[in-house]
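See structure below.
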Amino acid sequence: MSAAHEPLREGWRRRAHQFFVSLADLRGLDVHRRAWVKAYLNQAEEALFYQMARVDQVHSVRVAQTALEIARVRLAHRASNDAQRLARAGLLHDVGKSLARLGLVTRVLFVLMEQWPNPPLRGRMKHAHWVHTNHPSLGADLAERAGVEREVVELIRGHHARDSADPLQRILTEADRRS
Numbered sequence: 004m005s006a007a008h009e010p011l012r013e014g015w016r017r018r019a020h021q022f023f024v025s026l027a028d029l030r031g032l033d034v035h036r037r038a039w040v041k042a043y044l045n046q047a048e049e050a051l052f053y054q055m056a057r058v059d060q061v062h063s064v065r066v067a068q069t070a071l072e073i074a075r076v077r078l079a080h081r082a083s084n085d086a087q088r089l090a091r092a093g094l095l096h097d098v099g100k101s102l103a104r105l106g107l108v109t110r111v112l113f114v115l116m117e118q119w120p121n122p123p124l125r126g127r128m129k130h131a132h133w134v135h136t137n138h139p140s141l142g143a144d145l146a147e148r149a150g151v152e153r154e155v156v157e158l159i160r161g162h163h164a165r166d167s168a169d170p171l172q173r174i175l176t177e178a179d180r181r182s
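Using the working numbering, you'd call the opening residue of the sequence shown number 4 and step up by one each time.
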C-alpha cells in the first residue's frame, strides 16, 4: 500500500478498534464508574446522562477521563472549575444521541457514511441519521433546558468543531476523537 493510503488505513484501524471496544461497552457502567459520574454531575445532569444508551455512557466516561488527563498536562495553571466543566461536558457531550436510539450496527453504518453528504435513507433511519449528525447542537439544547451552565452547554455544542480558539473545546474534541 502506498504512503498516500496510510492515513486512510490508519483511520480504518482506529474505527475497527472503536467498534470492538464498543462491544464491551454494551455491558454499561460498573459501580466505580457510576460513582465517578455521580461525583461530577448534579441531579439534573445525571438524569440527562442516564438517558443515553449504555454504550454512550461508557464512551462519555472515557471521554471525560481522557479530557481531564489532557487538561492536567496542558492546563495545569488553570482553575479547577475548568476541569470540573470539562468533565461535565465530556460526560454529557453525546446526550443529543439519546433522541434516537441507535444500535451498534446503525452507529457503525453512520460513521462509515460520514463522507456521504446525502445518504439515501428513509423513515426512522433518516431521522436517526439526522439526530446522529446534529447531536452536538441537540445535546446542547437538552443540556440548556436542564439548567446546565452556559460554558458546559457551549462545550457540548462545539465538541465536533475543528480549530476552536477555546482550549477546553480543543481538549474535549481531542478526547472524543481518541476515545
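Note that the Cβ used here is the ideal one computed from N, Cα and C, for glycine as well. Computed from a predicted model, the values in this text were never measured in an experiment.
Status (buried if at least 16 other CB within 10 Å, exposed otherwise) for residue 115
exposed
What first and last residue would you give for the alpha helix (DSSP H) that runs through residue 123?
Per DSSP, residue 123 belongs to no alpha helix (DSSP H) and is neither H nor E.
Cβ contact (3+ pairs, closer than 8 Å) linking the stretch 54 to 74 and the stretch 29 to 45
yes
Could you give the DSSP three-state label for residue 44: helix, strand or coil?
coil
Excluding the five sequence neighbours on either side, which residues of its own chain have a C-beta within less than 6 Å of the C-beta of residue 101, listed in chain order?
54, 55
Residue 158 and residue 51: beta carbons closer than 9 Å?
no
Segment contact flag, the stretch 124 to 134 with the stretch 161 to 176, C-beta cutoff 8 Å, min 3 pairs
no
Within its chain, find whatever has a CB closer than 7 Å to the CB of residue 73; leave out the 5 residues flanking it on each side and keep chain order.
174, 177, 178
Start and end residues, alpha helix (DSSP H) containing residue 93
83 to 95
Could you check if residue 142 is buried or exposed, using at least 16 other CB atoms within 10 Å of its CB as the buried criterion?
buried
Closer than 8 Å by C-beta to residue 43: which residues in its own chain qualify, once you throw out the five before and the five after it? Chain order, please.
67, 87, 90, 91, 94
My assumption, with CB atoms under 8 Å, is that residue 105 sits in contact with residue 60. Please give the rounded CB distance.
In fact, because the Cβ distance is near 13 Å, the residues do not count as touching under 8 Å.
Measure the C-alpha to C-alpha separation of residue 76 and residue 99 and round it to an integer number of angstroms.
29 Å
So residue 156 packs on residue 164, CB below 8 Å; how close in whole Å?
The pair is not a contact, with the Cβ atoms about 14 Å apart (cut-off 8 Å).
Could you give the DSSP three-state label for residue 99: helix, strand or coil?
helix
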